[in-house]
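Have a look at the structure below, then the notes.
2 protein chains.
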Amino acid sequence: MVEPVEKAVPAPGGCGTAPAAQLGAGAREFLKALASEQRQQMLELFAGGIELTVGTVAERLGVGQSNASQQLALLRRGGLLTSRRDGKQVFYRIDSAAVDRSLAELRDYLHACCPPGD
Amino acid sequence: MVEPVEKAVPAPGGCGTAPAAQLGAGAREFLKALASEQRQQMLELFAGGIELTVGTVAERLGVGQSNASQQLALLRRGGLLTSRRDGKQVFYRIDSAAVDRSLAELRDYLHACCPPGD
DNA sequence: TCAACATATCAACATTTCATAAAATAATGA
DNA sequence: TCATTATTTTATGAAATGTTGATATGTTGA
Numbered sequence: 015m016v017e018p019v020e021k022a023v024p025a026p027g028g029c030g031t032a033p034a035a036q037l038g039a040g041a042r043e044f045l046k047a048l049a050s051e052q053r054q055q056m057l058e059l060f061a062g063g064i065e066l067t068v069g070t071v072a073e074r075l076g077v078g079q080s081n082a083s084q085q086l087a088l089l090r091r092g093g094l095l096t097s098r099r100d101g102k103q104v105f106y107r108i109d110s111a112a113v114d115r116s117l118a119e120l121r122d123y124l125h126a127c128c129p130p131g132d
Numbered sequence: 015m016v017e018p019v020e021k022a023v024p025a026p027g028g029c030g031t032a033p034a035a036q037l038g039a040g041a042r043e044f045l046k047a048l049a050s051e052q053r054q055q056m057l058e059l060f061a062g063g064i065e066l067t068v069g070t071v072a073e074r075l076g077v078g079q080s081n082a083s084q085q086l087a088l089l090r091r092g093g094l095l096t097s098r099r100d101g102k103q104v105f106y107r108i109d110s111a112a113v114d115r116s117l118a119e120l121r122d123y124l125h126a127c128c129p130p131g132d
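Top to bottom, those sequences are chains U and X.
In this text, residue positions in the first sequence follow the working numbering: the first is 15, and each later residue adds one.
In this text, residue positions in the second sequence follow the working numbering: the first is 15, and each later residue adds one.
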């Protein structure tokens, strides 16, 4: 019996060549930040474009201030949130433009990896 | 001086209400699987729709067989890969339909969280 | 300047993930 | 049945990540 041979299906025209597709550092940080349920819940708190302080986020999620601060920092580093200081308070909000960019990069990356129309 | 008040910007019509948006278990597994550079590199090996065995993946990435098998399992669990057995060999390939679904769910989720046109 | 408030940072510990090696399981042909 | 091949599973130690509590830093008004 002949062993099955691994199949290489050529990429159809229009899909470009095999990747070259690699995720940039930005999209990688984005994925890392998003791959935590707590941080997803955190992100959801900002829905509708509102700004929140660290303390409020901590209260609403029922976690410690320090934990909230650190997780918010990861979301900021991952390009999901941005922040500004106003006096003693730091306000975080969603960075929609950056999110759109990372999402587009992820989409392009996955499309480059995936055969079309599975 | 009055402390700044946290701003709640109402969601414009057409964006639906505040989320309700939560990621399903599928999209969460998807993100987790993708949030590893080694697993990204693994996924890239399958570009163009080819099928590969565990052993081949291990060789090409220069990792151990057991490590490859476990990482492939995570990619499969995350809906990025699917597999079939043919005799002694198990062939993995990208599950484009599942990837598209998770990507769409992620997009919808993030759009639900994000104010439009930042 | 100082105390109060808000946050960021640090260090330690807890938990999870990662990679390895061995063992177990699945499939095959002699 | 058995040896070989391919993969999955298991157990373990190391590494990474998550959480906590304390400390450091930044801002403010008295």
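All residues carry an ideal CB built from backbone N, CA and C; glycine is no exception.
Quick caveat: nothing in here was measured; it's all calculated off a predicted structure.
Nearest to residue i (by Cα), restricted to the options the options
i, options, result
"A39/X", "L94/U, A49/U, R115/U", "A49/U"
"Q55/U", "A72/X, L37/X, A41/X, I64/X", "L37/X"
"R42/X", "A72/U, R53/U, Q79/U", "R53/U"
"A112/U", "R91/U, Q103/U, D122/U, A126/U", "R91/U"
"V68/U", "A61/U, G62/U, E51/U, A87/U", "A87/U"
"C127/U", "K46/X, G62/X, E119/X", "G62/X"
"T70/U", "A35/U, Q103/U, I108/U, L117/U", "Q103/U"
"L66/U", "L95/U, G78/U, F44/U, D114/U", "L95/U"
"A47/X", "G93/X, E58/X, S80/X", "G93/X"
"D114/X", "L120/U, Q79/U, L59/U, L89/U", "L120/U"
"E51/U", "Q85/U, S80/U, G78/U, D100/U", "Q85/U"
Other residues of its chain near residue i: CB distance less than 6 Å, five sequence neighbours each side excluded
i, result
"R98/U", "F105"
"F44/U", "G92, G93, S116"
"A72/U", "Q79, A82"
"A118/U", "none"
"Y123/X", "A35, L37"
"G101/U", "none"
Contact set between residue i and chain X, taken where Cβ atoms lie within less than 9 Å
i, result
"A126/U", "E58, A61"
"R53/U", "Those do not exist, as R53/U stays about 10 Å from chain X at its closest Cβ, beyond 9 Å."
"A35/U", "E58, A61"
"V77/U", "Those do not exist, as V77/U stays about 18 Å from chain X at its closest Cβ, beyond 9 Å."
Partners in chain U for residue i, counting only beta-carbon separations shorter than 9 Å
i, result
"V71/X", "Chain U residues near V71/X: none, gap ~11 Å exceeds 9 Å."
"V68/X", "Per Cβ cutoff of 9 Å: no residues; V68/X is ~12 Å from chain U at best."
Cross-chain neighbours of residue i in chain U, by beta carbon under 8 Å
i, result
"Q142/X", "This structure cannot speak to residue 142/X, because chain X is shown only from 15 to 132."
"R121/X", "L117, R121"
Cβ-based neighbour list, residue i, same chain, cut-off 7 Å, excluding 5 preceding and 5 following
i, result
"H125/X", "none"
"L89/U", "A47, R53, M56, L57, L95"
"D109/U", "G93, L94, L95, T96"
"V77/U", "none"
Proximal residues to residue i (C-beta, below 8 Å), its chain only, five neighbours per side dropped
i, result
"I64/X", "R107"
"L75/X", "Q52, Q55, M56, L59, A82"
The segment 89-110 of chain X: which residues have C-beta closer than 8 Å to a C-beta of chain U, in chain order?
-> Answer set for the segment 89-110 of chain X: D100, G101, Q103, F105, I108, D109, S110.
Interfacial residues, the segment 38-50 of chain U to chain X, with Cβ spacing under 7 Å = Within the segment 38-50 of chain U, the residues whose Cβ lies closer than 7 Å to some Cβ of chain X are R42, L45, K46, L48, A49, listed in chain order.
What alpha helix (DSSP H) runs, 4 residues minimum, are completely inside the segment 54-116 of chain X?
-> Here the runs fully enclosed are 68-75, 79-91.
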